[in-house]
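Trainee:
There are 2 protein chains.
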Amino acid sequence: MPRQRTGDTRARIQQTALDLFAERGVRQTSLRDIAERLGVTKPALYYHFASREDLLNSLVEPMVKDFEAYAAELRAAAPIPPRELLGSYFDLGYRHRTVIRLAIRDLSVLQELNLADRFIEWRGALGELLVGSNPSLSDVVRCMVALGGLSDCAVMIDHEPVAELREAAVEAAYDSLGRP
Amino acid sequence: MPRQRTGDTRARIQQTALDLFAERGVRQTSLRDIAERLGVTKPALYYHFASREDLLNSLVEPMVKDFEAYAAELRAAAPIPPRELLGSYFDLGYRHRTVIRLAIRDLSVLQELNLADRFIEWRGALGELLVGSNPSLSDVVRCMVALGGLSDCAVMIDHEPVAELREAAVEAAYDSLGRP
DNA sequence: GTCTATATGATGATAGAC
DNA sequence: GTCTATCATCATATAGAC
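Chains as they are written, first to last, in the UniProt record's numbering: chain A, 1 to 180; chain B, 1 to 180.
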C-alpha cells in the first residue's frame, strides 16, 4: 500500500526532524541526516521549507504561541493562588516537553531563534506574580528553585503518571517558596 | 614589553578558548576563532593540544577531578545533615560555575566527553544520601527540585554576594525537601 | 514534488619550511 | 614554536531536468 496520501510530506519531514533532533541534538543533525532517514534527497526538503532555520522554527512555533497566550492570560487573571499558578506552569511545560528538551539540550537554538529573551521575560512575569516586584535575593532564589524545579520535573521525568508527577512537583515547588 | 615569558602559551590558549566558549558556546567556537583572537594561527594550537577535544578536555578536567573527590568524600562521611550536604553541593557548583555554564549551554559537550553518565551517577549518589534508596516519586521530585535548584542558583545567579546567595539557596532547597 | 549535479564556504587536521 | 599551504569532509543552499 502507498505510504500516505499526498500533502503530508511536510508533516513527515517535521516528525523526522523532531525524532533526530531528540536523538542526537539539533546542532548535530544535518539536513542530510533528515533526508536520508525519510528516504528523500536534500533538495526535496527545500521544496517544503525555505531553509533549515525555517524548518526548526516551524517545530518551535506552537510552543511559542502557547507560552505567549499563557503569559497574556495570567496578566489578565491576576492575582492567582500560588498553587494554581505553579500547576498551570507545570502543565505548560509538560505540554511542550518534547520541544523544550531540544531547547535545553542546545541552548544556542534559543539564541538563534531569538527566544532566550522571551523566555527570560516570561519567567520574570511569572516570578512577579509569585513574589511581587522588588523581590529580595531570597525571593529571587526561591523563584528560581520553584519554577526551575517545576520545569525540570515536567520535562525531564518520564514514564510516570502525569497526575501524580504534577501533584508532587507542585508540592515541592510550593514548599521551596517557604510560605509559613 | 614582551607579552609574557615563554611557556604560558598553552595557558593563554586555554583562557582564550574559555572566554570564547562562554561568549558564544562550545559548538559555535572554532579553532580558527580561538587562534584569531589570540593572534596566532591554527597549527600553533596543534603544537600545544593534540586535537580540539583534547583542548576542551583540559578545560573540563579540573571539575571532573573535583566532583569525583567530592563523591568519594561523601560516601566515606555519611550520614551527613541535609543542610550541610546541600551547602557543600552549592560550593562545588559555585567553584566550577564557569565550566558548568558551558556544559549546560551545550549538553552535547557532556555526551562527547562521556560526562553525562557520571553526572547522573553523582546526582544519584547525592539523592540517595538525601532521601535514601527506594525513593518514592515524591522523593525523586523533591530531590530534583532541591539539587537542580541549588545548581541553578550557584551557576546562573551572578553579581550577588556568595555568602548570602548560598544561605538563601540552601534554605530554599531544604524547604523543597518538605521536612516537617 | 522530487530528482541529479553543483556552488560555496566552513571545519578539523596535517606536512613541512623556518 | 610558529608559520604557509593544503587536505578531506562536511555543511547549507541553488539550478535546472523530469
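Quick reminder that beta carbons are idealized off the backbone N, C-alpha and C, glycines included.
Remember, predicted model here, so these are calculated numbers, not experimental data.
#1: Determine, using beta carbons only, whether Ser58 of chain B and Gln14 of chain B come nearer to each other than 8 Å.
#2: Just checking: is the beta-carbon of Leu107 of chain A within a distance shorter than 8 Å of some beta-carbon in chain B?
#3: Between Glu160 of chain B and chain A, is there a C-beta pair that is closer than 8 Å?
#4: Please say whether Leu147 of chain A and Leu126 of chain A have beta carbons closer to each other than 8 Å?
#5: For the candidate residues A:Ile157, A:Ala17, A:Ala103, A:Phe119, whose alpha-carbon lies nearest to that of Asp139 of chain B?
#6: Taking Cβ positions, are Met144 of chain B and Cys153 of chain A nearer each other than 8 Å?
#7: Name the chain A residues that come within less than 8 Å of Arg27 of chain B, Cβ to Cβ?
#8: For Arg166 of chain B, which residues of its own chain have a beta-carbon under 7 Å away from its beta-carbon, when the five flanking residues on both sides are left out?
#9: Hey, quick one: how far does the alpha helix (DSSP H) through residue 187 of chain B stretch, first residue to last?
#10: Is it the case that the region 128–137 of chain B contacts the region 121–137 of chain A, given that we only count it when at least three CB pairs across the two stretches are under 8 Å?
#11: So, using beta-carbon positions, are Ala35 of chain A and Leu45 of chain A closer together than 8 Å?
#12: When you compare each of B:Ala172, B:Pro81, B:Val109, B:Val141 to Val60 of chain B by their alpha carbons, which one comes out closest?
#13: DSSP on Asp8 of chain A, reduced to helix/strand/coil?
#14: Chain B partners of Asp175 of chain A, CB-CB under 7 Å?
#15: Of all the residues that make up the region 139–168 of chain A, which are near chain B by a beta-carbon distance shorter than 8 Å?
#16: List the endpoints of the continuous alpha helix (DSSP H) containing Asp91 of chain B.
#17: Taking only the alpha-carbon atoms, compute the straight-line gap between Gly39 of chain A and Ala17 of chain B and give it to the nearest angstrom.
#18: Short of 6 Å in beta carbon distance, which residues of its chain neighbour His96 of chain B, apart from the five on each side in sequence? Order them along the chain.
#19: Tell me Asp117 of chain B's beta-bridge partners as DSSP assigns them.
#20: Of the choices B:Ser151, B:Glu171, B:Val155, B:Glu112, whose alpha-carbon is the least far from that of Arg52 of chain B?
#21: Could you pull the start and end residues of the alpha helix (DSSP H) that Val40 of chain B belongs to?
#22: Could you give the residue range of the alpha helix (DSSP H) that holds Glu53 of chain B?
#23: Tell me, please, whether the CB atom of Leu137 of chain A is closer than 8 Å to any CB atom in chain B?
#24: What residues in the region 60–77 of chain A bring their beta carbon closer than 8 Å to a beta carbon of chain B?
#25: Nearest CA to the CA of Ile80 of chain A: which residue from A:Glu128, A:Arg118, A:Leu102?
#26: Report yes or no: is there a C-beta of chain A within less than 8 Å of the C-beta of Trp122 of chain B?
#27: Per DSSP, which one or two residues make a beta bridge with Asp106 of chain B?
#28: Return no unless some Cβ of chain B is closer than 8 Å to the Cβ of Glu53 of chain A.
#29: Using a cut-off of 7 Å between C-beta atoms, extract the partners of Ala172 of chain B located in chain A.
#30: Are Ala169 of chain B and Val155 of chain A touching if we call contact CB-CB under 8 Å?
#31: Quick check on this structure: which residue in A:Pro180, A:Asp8, A:Arg179, A:Val26 has the alpha carbon closest to the alpha carbon of Arg101 of chain A?
#32: Could you tell me the distance, in whole angstroms, from the CA atom of Leu115 of chain A to the CA atom of Val131 of chain A?
#33: Short of 7 Å in beta carbon distance, which residues of its chain neighbour Ala78 of chain A, apart from the five on each side in sequence? Order them along the chain.
#34: Just to confirm, are Ser176 of chain A and Gly7 of chain B a CB contact at a threshold of 8 Å?
Mentor: Quick look at the numbers:
#1: By one-based count along the second sequence, residue 58 of chain B stands at place 58. By one-based count along the second sequence, residue 14 of chain B stands at place 14. The Cβ atoms of Ser58 of chain B and Gln14 of chain B lie closer than 8 Å to each other.
#2: In the first sequence, counting from the first residue as 1, residue 107 of chain A sits at position 107. For Leu107 of chain A, the answer is yes, since a Cβ of chain B falls inside 8 Å of its Cβ.
#3: Stepping through the second sequence from its first residue, residue 160 of chain B is reached at position 160. Yes, Glu160 of chain B counts as interfacial toward chain A.
#4: On the first sequence, residue 126 of chain A is found 126 positions in, with the first residue counted as 1. On the first sequence, residue 147 of chain A is found 147 positions in, with the first residue counted as 1. Cβ atoms of Leu126 of chain A and Leu147 of chain A: closer than 8 Å.
#5: Position 139 of the second sequence, counting from 1, holds the residue named residue 139 of chain B. Taking only the C-alpha atoms, the option nearest Asp139 of chain B is A:Ile157.
#6: Locating residue 144 of chain B in the second sequence gives position 144, counting from the first residue. Locating residue 153 of chain A in the first sequence gives position 153, counting from the first residue. The answer is yes: Cβ separation under 8 Å.
#7: For the purposes of this step, residue 27 of chain B is taken as residue 27 along the second sequence, with counting starting at 1. Here the neighbours are Arg27, Asp106, Ser108.
#8: Here the question's residue 166 of chain B lines up with position 166 in the second sequence. Excluding sequence neighbours, Arg166 of chain B sits near Gly87, Phe90.
#9: Residue coverage of chain B in this structure runs from 1 to 180, which leaves residue 187 of chain B outside it and unanswerable.
#10: no
#11: In the first sequence, the residue the question calls residue 35 of chain A occupies position 35. In the first sequence, the residue the question calls residue 45 of chain A occupies position 45. In contact: Ala35 of chain A and Leu45 of chain A (Cβ atoms closer than 8 Å).
#12: In the second sequence, counting from the first residue as 1, residue 60 of chain B sits at position 60. Residue B:Val109 is the option with its Cα nearest to Val60 of chain B.
#13: On the first sequence, residue 8 of chain A is found 8 positions in, with the first residue counted as 1. Of the three classes helix, strand and coil, the one that applies to Asp8 of chain A here is coil, per DSSP.
#14: Along the first sequence, read from residue 1 onward, the residue named residue 175 of chain A stands at position 175. Within chain B, the residues near Asp175 of chain A are Asp175, Ser176, Gly178.
#15: Val140, Val141, Arg142, Met144, Val145, Ala146, Gly148, Gly149, Leu150, Asp152, Cys153, Met156, Ile157, Glu160, Glu164, Leu165, Ala168
#16: Numbered from 1 along the second sequence, position 91 holds the residue referred to as residue 91 of chain B. For Asp91 of chain B, the uninterrupted alpha helix (DSSP H) run begins and ends at 82–95, by DSSP.
#17: Translated into the one-based positions of the first sequence, residue 39 of chain A becomes position 39. Translated into the one-based positions of the second sequence, residue 17 of chain B becomes position 17. Spanning the two alpha carbons is a distance of roughly 39 Å.
#18: On the second sequence, position 96 is the one that residue 96 of chain B refers to. Closer than 6 Å at the Cβ level, and outside the excluded window around His96 of chain B, lie Met63.
#19: As a working mapping, residue 117 of chain B is identified with position 117 in the second sequence. In DSSP, Asp117 of chain B forms no bridge with anything.
#20: Indexing the second sequence from 1 puts residue 52 of chain B at position 52. Among B:Ser151, B:Glu171, B:Val155, B:Glu112, the Cα nearest to that of Arg52 of chain B is on B:Glu112.
#21: Residue 40 of chain B sits at position 40 when you count from the first residue of the second sequence. Taken as a continuous stretch (DSSP letters only), Val40 of chain B belongs to no alpha helix (DSSP H), as it is neither H nor E.
#22: Working through the second sequence from its first residue, we reach residue 53 of chain B at position 53. That run of the alpha helix (DSSP H) goes 52–77.
#23: Locating residue 137 of chain A in the first sequence gives position 137, counting from the first residue. It does; some Cβ of chain B falls within 8 Å.
#24: none
#25: Locating residue 80 of chain A in the first sequence gives position 80, counting from the first residue. Measuring from the Cα of Ile80 of chain A, the nearest candidate turns out to be A:Glu128.
#26: Walking along the second sequence from the start, residue 122 of chain B turns up at place 122. No, no contact with chain A.
#27: The residue labelled residue 106 of chain B in the question sits at position 106 within the second sequence. A:Asp106, per the DSSP bridge assignment.
#28: In the first sequence, counting from the first residue as 1, residue 53 of chain A sits at position 53. Closer than 8 Å: no.
#29: Position 172 of the second sequence, counting from 1, holds the residue named residue 172 of chain B. Here the neighbours are Val141, Arg142, Val145, Ser176, Gly178.
#30: Start at 1 with the first residue of the second sequence, and residue 169 of chain B comes out as number 169. Start at 1 with the first residue of the first sequence, and residue 155 of chain A comes out as number 155. Not a contact, by the Cβ cut-off of 8 Å.
#31: For this step, residue 101 of chain A is matched to residue 101 along the first sequence. Ranking A:Pro180, A:Asp8, A:Arg179, A:Val26 by Cα distance to Arg101 of chain A puts A:Val26 first.
#32: Here the question's residue 115 of chain A lines up with position 115 in the first sequence. Here the question's residue 131 of chain A lines up with position 131 in the first sequence. Distance between the alpha carbons of Leu115 of chain A and Val131 of chain A: 24 Å.
#33: Indexing the first sequence from 1 puts residue 78 of chain A at position 78. Excluding positions up to five away in sequence, the list reads Leu129.
#34: If you number the first sequence from 1, residue 176 of chain A lands on position 176. If you number the second sequence from 1, residue 7 of chain B lands on position 7. No. Outside cutoff.
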